[in-house]
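Engineer: Quick note on our numbering: the sequence shown kicks off at 83 and runs consecutively. Each residue gets a CB set at the ideal place from its N, CA and C atoms; glycine is no exception. Predicted, not measured: the structure shown is a model, and the values here were computed from it. Okay, here's the structure, questions in a sec.
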Amino acid sequence: MDKKELRSYVRQQKKQFTPEQLIEKSLPIMQKLEQHPLFQKAATVMLYSSLPDEVFTHDFIKNWCSVKKIILPTVVGDDIIPVEMNAQTHLVVGDFDILEPESEPYEGGFDLIVVPGMAFDTQGNRLGRGKGYYDRFLCQYPDVPKIGICFDFQRVDAVPTEPTDIPMTEIIYG
Ligand code: ADP
Ligand code: MG
Numbered sequence: 083m084d085k086k087e088l089r090s091y092v093r094q095q096k097k098q099f100t101p102e103q104l105i106e107k108s109l110p111i112m113q114k115l116e117q118h119p120l121f122q123k124a125a126t127v128m129l130y131s132s133l134p135d136e137v138f139t140h141d142f143i144k145n146w147c148s149v150k151k152i153i154l155p156t157v158v159g160d161d162i163i164p165v166e167m168n169a170q171t172h173l174v175v176g177d178f179d180i181l182e183p184e185s186e187p188y189e190g191g192f193d194l195i196v197v198p199g200m201a202f203d204t205q206g207n208r209l210g211r212g213k214g215y216y217d218r219f220l221c222q223y224p225d226v227p228k229i230g231i232c233f234d235f236q237r238v239d240a241v242p243t244e245p246t247d248i249p250m251t252e253i254i255y256g
């Protein structure tokens, strides 16, 4: 399957579940993340605010943003700009209907970046939605561990890659 076919395959798979079922499927995935040594030892974690068809992160962010420094992506033009999230941060609807923190860009480093995707393979390769946002963002952080999280049906044997695709350190799925 090429990238386009794989995206359409995953979209079909997602349709078998209601948004509520996907939230339910997300809980054990987020528990695995919480138990992962890379997460446990991280002080600063970049997460993402989930869309209805992605592994549900909203409660996780709420729970952890008073414990660790939680950074969320905002989309500005063709770029992901990281912004800090804390209990006082207001979330606003950004591009692609993503809930984004309304605050200044975060300019520090990360101990861990948690990455959404359309599909991941056994080698850690990642397929995104086709605009390369995360590839352009992640190439700035070659030394930061990256964990891809996804539903079981998004984990495939092989994702087609190009030189600009940034692989994950590990994939958590369920
Ligand atoms: P996605 O990662 O969202 O699935 P692709 O990997 O297909 O999307 O990338 C989308 C486009 O973005 C491709 O044309 C790719 O060449 C381009 N791209 C990705 N990363 C970079 C980069 N670091 N610099 C320039 N272009 C990039
Ligand atoms: Mg890519």
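Please report how far the alpha carbon of ILE111 lies from the alpha carbon of GLY159, in whole angstroms.
Structural biologist: On the sequence shown, residue 111 is found 29 positions in, with the first residue counted as 1. On the sequence shown, residue 159 is found 77 positions in, with the first residue counted as 1. If you draw a straight line from the Cα of ILE111 to the Cα of GLY159, it comes to about 31 Å.
Engineer: Answer yes or no: does any C-beta atom of chain C fall closer than 8 Å to that of GLN103?
Structural biologist: You won't find chain C in this structure, because it holds only one protein chain.
Engineer: What does a CB cutoff of less than 8 Å around ILE153 pick up in its chain, not counting 5 residues either side in sequence?
Structural biologist: Here residue 153 corresponds to residue number 71 of the sequence shown, with the count starting at 1. Within the same chain, ILE153 has close Cβ partners THR126, VAL127, MET128, LEU129, PRO164, VAL165, GLU166, MET167, TYR188, PHE192.
Engineer: At what residues does the alpha helix (DSSP H) containing LEU88 begin and finish?
Structural biologist: Stepping through the sequence shown from its first residue, residue 88 is reached at position 6. LEU88 -> alpha helix (DSSP H) spans 85 to 96.
Engineer: Quick one: residues with CB closer than 7 Å to any heavy atom of the ligand ADP, in chain order, please.
Structural biologist: With the cut-off at 7 Å, the residues found are LYS85, MET200, ARG208, LEU209, GLY210, ARG211, GLY212, LYS213, GLY214, TYR215, TYR216, ASP217, ARG218, CYS221, GLU244, THR246, ASP247.
Engineer: Go ahead and label GLY199 buried or exposed: buried means 16 or more other beta carbons lie within 10 angstroms of its beta carbon, across all protein chains shown.
Structural biologist: Within the sequence shown, residue 199 is the residue found at index 117, counting from 1. Answer is buried; the Cβ neighbour count reaches 16.
Engineer: Where do the N-terminal and C-terminal ends of the beta strand (DSSP E) with MET128 fall, by residue?
Structural biologist: Residue 128 sits at position 46 when you count from the first residue of the sequence shown. Its beta strand (DSSP E) spans residues 126 to 128.
Engineer: Pull up the CB-CB distance for ALA201 and LEU88, whole angstroms please, since I reckon it's below 8 Å.
Structural biologist: For the purposes of this step, residue 201 is identified with residue 119 of the sequence shown, where counting begins at 1. For the purposes of this step, residue 88 is identified with residue 6 of the sequence shown, where counting begins at 1. About 5 Å separates the CB atoms of ALA201 and LEU88; that is less than 8 Å, so the two are in contact.
Engineer: Cβ atoms of ILE231 and VAL137: under 8 Å apart, would you say?
Structural biologist: On the sequence shown, residue 137 is found 55 positions in, with the first residue counted as 1. On the sequence shown, residue 231 is found 149 positions in, with the first residue counted as 1. Yes, the pair counts as a contact, with Cβ atoms nearer than the cut-off.
Engineer: Tell me which residues share the same chain as ILE229 and place their Cβ nearer than 8 Å to its Cβ, disregarding the 5 neighbours each side in the sequence.
Structural biologist: Here residue 229 corresponds to residue number 147 of the sequence shown, with the count starting at 1. Taken in chain order, the residues that qualify are LEU115, HIS118, LEU120, PHE121, LEU194, ILE195, VAL196, VAL197, MET250, THR251, GLU252, ILE253, ILE254.
Engineer: May I ask you to list the residues that DSSP assigns as paired with GLY230?
Structural biologist: Within the sequence shown, residue 230 is the residue found at index 148, counting from 1. In the DSSP output, where bridge partners are listed per residue, GLY230 has VAL197, ILE253.
Engineer: Write down the C-beta distance between ARG211 and ASP247 rounded to the nearest angstrom, noting that I regard them as a contact closer than 8 Å.
Structural biologist: As a first step, residue 211 must be located in the sequence shown, where it is residue number 129. As a first step, residue 247 must be located in the sequence shown, where it is residue number 165. No, ARG211 and ASP247 are not in contact; Cβ-Cβ is about 13 Å, not under 8 Å.
Engineer: When you compare only the Cα positions, how much space is there between LYS123 and GLY190?
Structural biologist: Stepping through the sequence shown from its first residue, residue 123 is reached at position 41. Stepping through the sequence shown from its first residue, residue 190 is reached at position 108. Their Cα atoms are separated by approximately 17 Å.
Engineer: With H, G and I counted as helix, E and B as strand and the rest as coil, what does DSSP make of PRO134?
Structural biologist: The residue given as residue 134 occupies position 52 in the sequence shown. The answer is coil: DSSP assigns PRO134 none of H, G, I, E or B.
Engineer: Rounded to whole angstroms, what's the CA-CA distance from GLU184 to THR171? Just pull it up for me.
Structural biologist: Working through the sequence shown from its first residue, we reach residue 184 at position 102. Working through the sequence shown from its first residue, we reach residue 171 at position 89. Rounded to the nearest angstrom, the two C-alpha atoms are 7 Å apart.
Engineer: For PHE235, which residues from the same chain have a beta carbon less than 6 Å from its beta carbon, with the 5 sequence-adjacent residues on both sides left out?
Structural biologist: Against the sequence shown, residue 235 aligns to sequence position 153. Closer than 6 Å at the Cβ level, and outside the excluded window around PHE235, lie GLN95.
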